[in-house]
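Colleague: Start counting the sequence shown at 1; every next residue gets the next number (my numbering).
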Amino acid sequence: MLRTPDENDQAVTAPLRIAALDRARTFVTLLVLLHHSVINYTWFGNGDPKRWLGFDLVVLFNDSFFMAFMFFISGLFVRNSLARKGPAVFLRERVWRLGVPFLISIFVLMPIAYYPSFLRYHLPGTTDFNFLHFWWHTLTVGPWPSGPAWFLWVLLALDVMAAAVWWVGPGMMDALGRLTYAARNRPMTAFVVFVIVSITAYLPMHLAFGDISWLEWDGFPLPIQTSRILLYTAYFFAGVGVGAVNLRAGLLAENGELPKRWPIWLGFALVFYVAILVVVYAHHNWVADFASPPLLWKASYGLAFATYSAAMAFTVSAVFLRFADSSWRLLDALQPSAYGVFLLHYIFIIWLQYAVYDYSFPAFVKFAIVFAGTLSMSWGLTVMLRKIPAVARMI
1 MLRTPDENDQ AVTAPLRIAA LDRARTFVTL LVLLHHSVIN YTWFGNGDPK
51 RWLGFDLVVL FNDSFFMAFM FFISGLFVRN SLARKGPAVF LRERVWRLGV
101 PFLISIFVLM PIAYYPSFLR YHLPGTTDFN FLHFWWHTLT VGPWPSGPAW
151 FLWVLLALDV MAAAVWWVGP GMMDALGRLT YAARNRPMTA FVVFVIVSIT
201 AYLPMHLAFG DISWLEWDGF PLPIQTSRIL LYTAYFFAGV GVGAVNLRAG
251 LLAENGELPK RWPIWLGFAL VFYVAILVVV YAHHNWVADF ASPPLLWKAS
301 YGLAFATYSA AMAFTVSAVF LRFADSSWRL LDALQPSAYG VFLLHYIFII
351 WLQYAVYDYS FPAFVKFAIV FAGTLSMSWG LTVMLRKIPA VARMI
């Protein structure tokens with residue numbers, strides 16, 4: 001029979017930090033840096049002439065799960081925060097932690113980051129912009145990119161939705177939490193349900209819009225990949241549900257059944273990653289109309305993508321929970337600065353790619369320079385900025 005969590009299993013009223021989940025979030029932040037460091041050296045991109053096929057595999061590995069997983073992780077502590085603070089204070093703090101950094105990103109950080117691209121690709125003699133001219137042109141004429149900061153406004157929008165749900169009926173989150181708690185000893189059932197949710201949220205949007213379509217409001221840097229709107233929403237509220245009961249006793253308990261079966265989730269992830277590779281290979285070699293593949297191909301890719309994304313969400317969570325007592329020195333050291341690194345890294349990524357562009361280094365050497373330089377400089381700058389009390393409360 002399903003057991004309703006008792007008082008000791010209910011969501012605690014004090015902030016709860018679980019090192020394994022902090023490490024998982026920091027790990028994905030490193031994947032973001034890795035993703036942006038290699039994408040300029042892939043064969044499908046139009047960046048540096050030095051390329052390596054292995055980087056295409058890295059991008060495919062990351063892009064097929066990591067942002068959805070970030071939304072899942074972000075949802076885990078929402079219910080507890082709403083219970084402690086109420087929706088008004090919760091949203092005020094989320095605006096400070098997400099809204100203000102988003103505005104700083106689109107008005108300051110992203111123009112600085114994208115200026116090298118302008119210097120590299122504008123036609124000589126057609127424009128003579130210094131940075132201030134470029135900045136004003138970006139804001140008034142466009143394009144006005146948000147870069148990685150798109151994640152912040154989408155997460156803030158989802159937090160607003162969660163606060164609205166709590167205000168209308170807080171019992172809905174607790175009901176969702178009881179459902180996830182009931183599966184704490186049946187992780188395979190939870191995995192099957194999660195796969196179904198992933199497919200339902202992603203496949204119809206993928207079939208309707210494809211994966212290159214971005215929904216953007218004219219003149220505003222508020223983009224989101226159209227095919228993944230429902231996927232990100234589903235993963236966020238799945239996280240809300242999992243976090244609605246005590247995380248140390250529920251589905252993500254460190255001594256629970258889900259972490260014990262981490263090799264199974266890893267096996268599923270590898271199988272469906274290979275499935276994605278096979279489908280992508282077929283697209284490049286056997287599909288006559290590359291720009292408009294047949295329905296069978298799109299459905300196959302969508303199913304492989306959604307299942308792989310679900311499997312990786314279980315894999316990453318399970319591995320860090322199962323090996324919570326192991327030494328993770330780099331992740332533990334980076335964890336306090338991970339958010340700041342996420343916000344700042346794009347500046348160093350693009351400027352370093354610009355700096356090594358004209359050199360004939362192999363692609364891997366250029367990547368190594370960009371990745372190591374970006375990690376060290378964005379981390380160091382974050383550490384310095386966090387010495388300012390107001391900044392430390394934000395990032």
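Note that beta-carbon positions come from the ideal geometry of N, C-alpha and C, so glycine has one too. None of the values given here were measured: they were computed from a predicted structure.
Would the beta-carbon of S81 fall within 8 Å of that of L155?
Modeller: Against the sequence shown, residue 81 aligns to sequence position 81. Against the sequence shown, residue 155 aligns to sequence position 155. Contact: no.
Colleague: Measure the alpha-carbon distance for I196 versus T189 and round it to whole angstroms.
Modeller: Here the question's residue 196 lines up with position 196 in the sequence shown. Here the question's residue 189 lines up with position 189 in the sequence shown. In a straight line, the C-alpha of I196 is about 11 Å away from that of T189.
Colleague: Rounded to whole angstroms, what is the Cα-Cα separation between S360 and Y121?
Modeller: Your numbering for residue 360 matches position 360 in the sequence shown. Your numbering for residue 121 matches position 121 in the sequence shown. Near 19 Å, if we compare the C-alpha coordinates of Y121 and S360.
Colleague: To the nearest angstrom, how far is it from the Cα of G142 to the Cα of F134?
Modeller: Against the sequence shown, residue 142 aligns to sequence position 142. Against the sequence shown, residue 134 aligns to sequence position 134. For G142 and F134, the distance between alpha carbons rounds to 10 Å.
Colleague: Do the region 383 to 395 and the region 339 to 346 make contact, defined as three or more Cβ pairs closer than 8 Å?
Modeller: The answer is yes - the region 339 to 346 touches the region 383 to 395, with three or more Cβ pairs under 8 Å.
Colleague: Are A113 and I350 touching if we call contact CB-CB under 8 Å?
Modeller: The residue given as residue 113 occupies position 113 in the sequence shown. The residue given as residue 350 occupies position 350 in the sequence shown. Going by C-beta atoms, A113 is nearer than 8 Å to I350.
Colleague: Whole-angstrom Cβ separation of V240 and G250, contact assumed at under 8 Å?
Modeller: In the sequence shown, residue 240 corresponds to position 240, counting from 1. In the sequence shown, residue 250 corresponds to position 250, counting from 1. That belief does not hold up - the Cβ atoms of V240 and G250 are roughly 13 Å apart, past 8 Å.
Colleague: Just grab the DSSP bridge partners of V193 for me.
Modeller: Within the sequence shown, residue 193 is the residue found at index 193, counting from 1. Answer is none; V193 lacks a bridge partner.
Colleague: So what does DSSP say about V365, is it helix, strand or coil?
Modeller: Counting from one through the sequence shown, the residue named residue 365 turns up at place 365. It is helical.
Colleague: Grouping DSSP H, G and I as helix and E and B as strand, with all else coil, what is L215?
Modeller: Mapped onto the sequence shown, residue 215 falls at position 215. Strand at L215.
Colleague: Please report the distance separating the alpha-carbon of F236 from that of F367.
Modeller: Working through the sequence shown from its first residue, we reach residue 236 at position 236. Working through the sequence shown from its first residue, we reach residue 367 at position 367. Taking the straight line from one Cα to the other gives about 32 Å.
Colleague: Where does K298 land, buried or exposed, given buried means 16+ other C-beta within 10 angstroms?
Modeller: Here residue 298 corresponds to residue number 298 of the sequence shown, with the count starting at 1. Classification of K298: buried, given that the 10 Å Cβ count is 16 or more.
Colleague: Express the C-alpha separation of W43 and L303 in angstroms, rounding to a whole number.
Modeller: Reading the sequence shown from its first residue, position 303 is the one you call residue 303. Reading the sequence shown from its first residue, position 43 is the one you call residue 43. Using only the alpha carbons, I get a separation of about 24 Å.
Colleague: In this structure, does DSSP put V280 in helix, strand or coil?
Modeller: Along the sequence shown, read from residue 1 onward, the residue named residue 280 stands at position 280. In the structure shown, V280 sits in a helix (DSSP, three-state: H, G or I).
Colleague: May I ask which residues mark the beginning and end of the alpha helix (DSSP H) holding P111?
Modeller: Position 111 of the sequence shown, counted from the start, is the residue given in the question as residue 111. Residues 110 to 121.
Colleague: Who are the Cβ neighbours of D211 in its own chain at under 6 Å, not counting the five residues just before and after it?
Modeller: Reading the sequence shown from its first residue, position 211 is the one you call residue 211. So the qualifying residues of the chain are S227.
Colleague: How big is the Cα-Cα spacing for L252 and A318?
Modeller: Taking the first residue of the sequence shown as 1, we reach residue 252 at position 252. Taking the first residue of the sequence shown as 1, we reach residue 318 at position 318. If I take the Cα positions, the gap works out to 8 Å.
Colleague: How about W265 and A311: do their beta carbons lie closer than 8 Å?
Modeller: Locating residue 265 in the sequence shown gives position 265, counting from the first residue. Locating residue 311 in the sequence shown gives position 311, counting from the first residue. Yes, the Cβ-Cβ distance between W265 and A311 is below 8 Å.
Colleague: Give the DSSP-derived three-state secondary structure of V100 in the structure shown.
Modeller: Here residue 100 refers to the residue found at position 100 when the sequence shown is read from its first residue. DSSP places V100 in helix when its eight states are reduced to three.
Colleague: Classify V287 as helix, strand or coil using the three-state DSSP reduction.
Modeller: Along the sequence shown, one-based indexing puts residue 287 at 287. Coil at V287, not helix or strand.
Colleague: Going by C-alpha distance, which of A355, V391, S300, F129 is nearest H283?
Modeller: Walking along the sequence shown from the start, residue 283 turns up at place 283. Considering only alpha carbons, the answer is S300.
Colleague: What residues are listed by DSSP as bridge partners for Q225?
Modeller: Position 225 of the sequence shown, counted from the first residue, corresponds to residue 225. BP columns for Q225 point to W214.
Colleague: Touching or not, the region 149 to 164 and the region 91 to 108, by the rule of three or more beta carbon pairs under 8 Å?
Modeller: Yes, they touch.
Colleague: If contacts are defined as beta-carbon pairs under 8 Å, then A313 and F72 qualify, I think. What distance do you get, rounded to the angstrom?
Modeller: Residue 313 sits at position 313 when you count from the first residue of the sequence shown. Residue 72 sits at position 72 when you count from the first residue of the sequence shown. Contact holds; Cβ gap of about 6 Å.
Colleague: Taking the straight line between their C-alpha atoms, what separation do you get for A372 and L330?
Modeller: As a working mapping, residue 372 is identified with position 372 in the sequence shown. As a working mapping, residue 330 is identified with position 330 in the sequence shown. Near 14 Å, if we compare the C-alpha coordinates of L330 and A372.
Colleague: Considering only C-alpha positions, which residue in the set L247, F191, P221 is nearest to M110?
Modeller: Here residue 110 refers to the residue found at position 110 when the sequence shown is read from its first residue. Comparing Cα positions, the closest option is P221.
Colleague: Is it buried or exposed, W388, if we count other Cβ atoms within 10 angstroms and call 16 or more buried?
Modeller: The residue you call residue 388 lines up with position 388 of the sequence shown. Sequence check: residue 388 is Ile here, not Trp. Label assigned to I388: exposed.
Colleague: One question on the structure: do L231 and S198 come within less than 8 Å of each other, judged by their Cβ atoms?
Modeller: Residue numbering aside, residue 231 sits at position 231 when the sequence shown is read from its first letter. Residue numbering aside, residue 198 sits at position 198 when the sequence shown is read from its first letter. A contact, by the Cβ cut-off of 8 Å.
Colleague: Thinking just about the alpha-carbon of each residue, which of F102, F27, D63 is nearest to the one in A306?
Modeller: The residue you call residue 306 lines up with position 306 of the sequence shown. The candidate whose alpha carbon is nearest that of A306 is D63.
Colleague: Compare the beta carbon distance of F348 and T374 with 8 Å and say whether it is the shorter of the two.
Modeller: Along the sequence shown, read from residue 1 onward, the residue named residue 348 stands at position 348. Along the sequence shown, read from residue 1 onward, the residue named residue 374 stands at position 374. Cβ distance < 8 Å, so F348 and T374 count as in contact.
Colleague: Reducing DSSP to helix, strand and coil, say where N46 ends up.
Modeller: Residue numbering aside, residue 46 sits at position 46 when the sequence shown is read from its first letter. Of the three classes helix, strand and coil, the one that applies to N46 here is coil, per DSSP.
Colleague: Return the chain-ordered list of same chain residues with a C-beta closer than 6 Å to the C-beta of W150, the five sequence neighbours on each side being excluded.
Modeller: Position 150 of the sequence shown, counted from the start, is the residue given in the question as residue 150. So the qualifying residues of the chain are P223.
Colleague: To the nearest angstrom, report how far apart I276 and F131 are at their CA atoms.
Modeller: Stepping through the sequence shown from its first residue, residue 276 is reached at position 276. Stepping through the sequence shown from its first residue, residue 131 is reached at position 131. C-alpha separation (whole angstroms): 42 Å.
Colleague: So for E254, helix, strand or coil by DSSP?
Modeller: Within the sequence shown, residue 254 is the residue found at index 254, counting from 1. Reduced to three states, the DSSP call for E254 is coil.
Colleague: According to DSSP, is Y357 helix, strand or coil?
Modeller: Counting from one through the sequence shown, the residue named residue 357 turns up at place 357. Y357: coil per DSSP, three-state reduction.
Colleague: What residues in its chain sit with their C-beta under 6 Å from that of P148, if we drop five residues either side in the sequence?
Modeller: Here residue 148 is taken as the residue at index 148 of the sequence shown, counted from 1. Excluding positions up to five away in sequence, the list reads Y346.
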